[in-house]
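K.L.:
Numbering (the numbering used here), first residue to last: 432 to 501.
Glycine residues also receive a C-beta, built at the ideal position from the N, C-alpha and C atoms.
In this text the structure is predicted, and so the values were computed from the model without any measurement.
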Amino acid sequence: MFKIAYIELKQNFRSAFNVQWRGLAGLAFMVMAMAAIQYDEQVAPELARLNDGFSHVATDFSKKLASFTL
432 MFKIAYIELK QNFRSAFNVQ WRGLAGLAFM VMAMAAIQYD EQVAPELARL
482 NDGFSHVATD FSKKLASFTL
């Protein structure tokens with residue numbers, strides 16, 4: 432009798448924790464999705480602009496270096 436009650440109690444705890452972990456996983460997914468959207472909208476354009484600036488500087492430097500003859 433006690434063994435059956437123990438098994439039933441253990442199964443109830445497992446199902447309760449299972450629901451809790453699913454909720455936490457869903458919440459984590461939502462947070463990551465919102466962070467990805469914010470990155471695409473705000474951070475990525477600024478990084479692209481910065482990368483273009485470095486690219487132009489490197490191109491100008493390589494042209495000046497190529498025009499320099501020994």
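Name the two residues that bound the continuous alpha helix (DSSP H) containing residue 483.
P.N.:
Element bounds for residue 483: 475 to 498.
K.L.:
In three-state terms, what does DSSP make of residue 463?
P.N.:
Three-state DSSP puts residue 463 in a helix.
K.L.:
Tell me the rounded alpha-carbon separation between residue 494 and residue 481.
P.N.:
20 Å
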